[in-house]
Amino acid sequence: MLPPSATLISADLADAALSCPALVRARKLADWVGAGRELTSSGVLRPAVAAEACRALGIPLSAKRLRSALDVDELMLDWAVASDAGFIVAQGRYAYASPDLAAPPDPGLLLNAWVTAAVTGLGVPDEPCAGCLTVLHELHTNGQPQSIEDLATAVTAVGEFETAQAEPCPDCGGIHNSPDLLGLGGLIDDEDIDGVDGLEHAEGTVVGLAAFGAVATANGSAPDGAAADGPFRLTPLGSMLAAAVFEGSAPAADADAGAVISAISDVPPSVAWTMMRPWLDARSADSAVGELLAFAETASAGQRVAAIALASEVGPKAARTWRQWAKRPGFGAYARQWLADHRKPAAHDPSDEAWLAVDALAIMLDALSDALPPFLLAAAVQQQLGTEATELLPLLRESGHPAADGIMTQLGLQPAPTGRLSLVPSLPDLPGLQDPLSARPGTAAGRRARPKRGQRTAADQRSGTCQIKISLCGVTKPPVWRRVVIPADITLGELHGVIQQAMGWEDGHLHVFSTGGQQYGSPDPELGHADEASVRLLDLLSAPGDKLRYTYDFGDDWEHDIALEDISLDEAAAVSPSCPAGKGACPPEDCGGIWGYAHLQDVLADPRDEDHGDMLDWLGLDSADEFDPRKFSIDEVNTRLAHLTIAR
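Per my numbering, residue 327 is the first one in the sequence shown, and the count goes up by one each step.
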């Protein structure tokens with residue numbers, strides 16, 4: 327992220343930043359922290375101290391006794407803003423107000439701190455929310471104030487470009503659309519997120535921006551509440567934020583095509599085009615398309631789609647380059663298709679249709695391979711293709727596509743004695759397949775499968791599966807979570823083993839499950855926990871949406887939310903747990919909890935840090951490049967889960 331331009335820095339702008347609601351609350355929190363407040367090993371205020379902070383800030387508490395500061399979202403937001411703005415400094419087990427808090431702030435430093443705090447709400451650059459970016463982009467690029475209805479329409483239009491994991495938006499908390507993979511959305515049912523209210527998201531984003539003084543109504547007043555009284559415009563602070571987001575994240579004018587595609591891969595098309603403009607302006611249309619196509623020819627599936635789409639939008643000025651690429655076999659089919667669409671047809675290649683169809687299948691499989699285990703992936707493709715499956719095998723053989731053999735191997739395709747397509751194993755041979763594919767939350771089958779709250783049908787029948795999402799609390803850059811399918815009658819003791827293997831922990835510390843004031847763990851009299859081996863998960867969670875807290879390592883306090891997503895009744899349910907999706911690497915054990923993990927990442931990112939070498943030694947790494955907090959392998963997780971034994 328680039329700092330604010332020197333031409334934008336002024337005392338008036340700094341005063342506006344300092345007086346915005348978010349920084350006012352952050353300074354109030356810092357003043358309260360004062361000379362020092364005690365932290366937990368996870369780097370958050372101790373529960374009793376956090377309760378005092380809530381009273382000082384006027385934050386209502388729903389429970390008489392606060393279990394963790396992490397449970398109070400409003401407090402943690404204020405804490406994050408105060409930390410990002412440099413108002414609070416954490417050292418070891420204590421936090422202090424910055425010594426410079428009372429001094430007149432340096433405008434440049436203050437505005438840099440303001441940008442850092444403001445972009446966190448948009449998830450830029452780590453986890454950008456497509457809807458939030460779209461609202462900021464619409465306000466930035468349109469020359470007149472925008473109504474909330476206009477902003478909602480823009481958000482709805484780009485909904486399909488949200489990530490397939492459908493993570494909650496950091497501003498409005500909603501779940502937005504996952505991409506319809508080449509029109510094959512039926513492979514992963516997203517009915518449950520298609521109906522998200524774009525108006526609600528737009529309002530939430532406007533209110534979030536207003537908290538930082540970045541947006542105002544057309545008459546200059548600050549939005550309040552549900553942001554119903556538009557139209558809205560960016561303030562000078564908002565224009566500075568937009569410049570930092572869209573210009574600061576844009577690829578350099580001399581970047582190669584791969585770096586360009588990586589820079590725009592997580593943003594909506596309209597935003598991508600704005601970010602791309604300096605790169606495009608630095609070269610001719612022919613050169614831009616040539617670089618993009620050369621990259622696309624050997625790129626991964628997802629990057630190939632993005633590069634071809636971007637090249638297609640450059641316009642007819644690049645027709646000469648498209649004609650050159652149209653002379654090539656195979657990948658040249660994209661160029662021949664572009665020329666035909668623009669009424670400039672080139673010589674037709676009879677194999678183009680097959681080649682493009684197989685390439686689309688390769689792209690689809692690449693996109694789904696991290697979301698579905700191999701046996702479900704194969705069966706899902708057969709189910710999606712239906713009667714068209716008979717045409718797939720000859721299409722693969724005749725296309726000449728370099729990925730054709732790999733696709734047949736990946737899907738287990740072979741000709742049946744009848745000459746029809748056969749998939750090994752075939753769909754009817756996969757026990758319980760119908761539920762993972764069609765009884766997902768939000769589908770008609772999924773709604774029928776949901777028991778009423780308090781009804782233990784799946785557990786009582788000791789058959790079936792349930793799907794849960796395990797989310798590591800407090801880690802957001804990137805978030806760390808696993809989606810796991812487990813036996814419906816699993817006990818909490820067995821679930822502990824699943825969590826350890828799915829997340830990647832080493833099971834070297836104590837743990838506890840907690841819900842409704844009750845705690846479950848190892849039956850140790852000194853701990854006072856109820857015996858986890860005698861309690862089943864569905865004794866505590868009875869309907870999709872119910873949650874349970876799991877804490878691992880009472881020193882680092884790694885807290886996990888266990889959310890029940892779906893229950894499927896099936897007499898032939900698989901016993902072995904499996905992980906169909908996930909994100910983010912498990913933090914290193916004993917690194918000091920969420921704040922220690924954040925410090926670890928900062929140290930590794932700065933070779934000049936005095937602890938850089940010691941941290942590498944502690945991790946057993948030769949270089950910081952070997953540490954990747956985004957690393958996640960679904961195959962490795964499922965291999966670990968396969969070694970678990972759950973007796974039945």
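All C-beta atoms in this analysis are idealised placements derived from N, C-alpha and C, irrespective of residue type, glycine included.
Note that the coordinates shown come from a computational prediction; the quantities given were computed from them, not determined experimentally.
Burial state of residue i (16 or more Cβ within 10 Å)
i, result
"D497", "The predicted position of D497 is uncertain, since its pLDDT is 39 and thus under 50; a value taken from the coordinates is nonetheless stated next. Burial call: buried."
"R774", "Low confidence applies here, because R774 scores a pLDDT of 32, under 50, leaving its location unreliable; read the following figure in that light. Exposed, because fewer than 16 other Cβ atoms sit within 10 Å of the Cβ of R774."
"T531", "buried"
"S797", "buried"
"S860", "exposed"
"L691", "buried"
"L930", "buried"
"Q844", "exposed"
"H976", "Absent from the structure is residue 976, since the part of the chain shown begins at 327 and ends at 974."
"E936", "exposed"
"D607", "exposed"
"P913", "buried"
"R646", "exposed"
"D977", "This structure cannot settle anything about residue 977, because the visible part of the chain is limited to 327 through 974."
Residue nearest to residue i in terms of C-alpha spacing, selected from the options
i, options, result
"P671", "F657, K653, A688, D685", "K653"
"W681", "E962, I796, L947, P655", "P655"
"A570", "S596, D592, M601", "M601"
"F413", "L435, A645, D399", "L435"
"S894", "A869, G910, D937", "A869"
"R630", "A583, G530, A342", "A583"
"G871", "K795, A483, H835", "K795"
"A406", "R393, A421, L392", "A421"
"Y876", "H822, L867, A645, L403", "H822"
"E977", "A374, A444, A568", "The structure shown does not extend to residue 977, since the chain spans only 327 to 974, so no value can be given for it."
"P594", "C455, G946, G369, D607", "C455"
"S596", "V461, A644, I888", "V461"
"S610", "T624, P642, A622, A598", "P642"
"T366", "R353, A352, R393, P347", "R393"
"L275", "D879, F958, I960, L926", "What is shown of the chain runs 327 to 974, which leaves residue 275 out entirely."
"G556", "A579, D476, Q793, A444", "D476"
"L874", "H855, F839, C905", "F839"
"A924", "A416, A478, A644, A423", "A416"
"V481", "A581, Q470, A528", "A528"
"P804", "R363, V441, T446, G360", "T446"
Start and end residues, alpha helix (DSSP H) containing residue i
i, result
"R646", "645-652"
"L355", "347-359"
"R391", "Looking at the DSSP string, R391 is not in any alpha helix (DSSP H), and its letter there is neither H nor E."
"Q629", "627-639"
"L665", "658-667"
"R372", "Taken as a continuous stretch (DSSP letters only), R372 belongs to no alpha helix (DSSP H), as it is neither H nor E."
"G556", "Note, G556: premise wrong, no alpha helix (DSSP H); not H, not E."
"R603", "595-607"
"R966", "960-968"
"T817", "Where T817 is concerned, there is no enclosing alpha helix (DSSP H), given that its DSSP letter is neither H nor E."
Residue i and residue j closer than 8 Å at C-beta
i, j, result
"A814", "T791", "yes"
"E858", "G819", "yes"
"H727", "F572", "no"
"D675", "A686", "no"
"A342", "L535", "no"
"R723", "A730", "yes"
"G908", "W884", "no"
"V350", "A376", "no"
"T817", "R862", "yes"
"W648", "A632", "no"
"R956", "G881", "no"
"I733", "A683", "no"
"D404", "A439", "no"
"A537", "R559", "no"
"L427", "A356", "yes"
"R809", "V963", "no"
"L396", "C799", "yes"
"V541", "T561", "yes"
"P903", "L864", "no"
Residue range of the unbroken beta strand (DSSP E) whose run includes residue i
i, result
"L798", "791-802"
"H727", "Unbroken run through H727: none, as it is neither H nor E."
"C455", "Segment: none, C455 is in no beta strand (DSSP E) and carries neither H nor E."
"E885", "884-894"
Any C-beta of chain B under 8 Å from that of residue i
i, result
"G881", "The chain inventory of the structure shown lacks chain B, comprising one protein chain alone."
Margin query: If contact is defined by three or more beta carbon pairs under 8 Å, each pair taking one atom from either stretch, is the segment 584-594 in contact with the segment 619-636?
Written below: Short answer: they touch.
Margin query: Would you call the segment 822-834 in contact with the segment 939-947, where contact means no fewer than 3 C-beta pairs closer than 8 Å?
Written below: Counting Cβ pairs under 8 Å, fewer than three are found: no touch.
Check: Does the segment 800-817 come within contact of the segment 378-387, defined as at least 3 CB pairs closer than 8 Å?
Finding: Contact fails: fewer than three Cβ-Cβ distances are below 8 Å.
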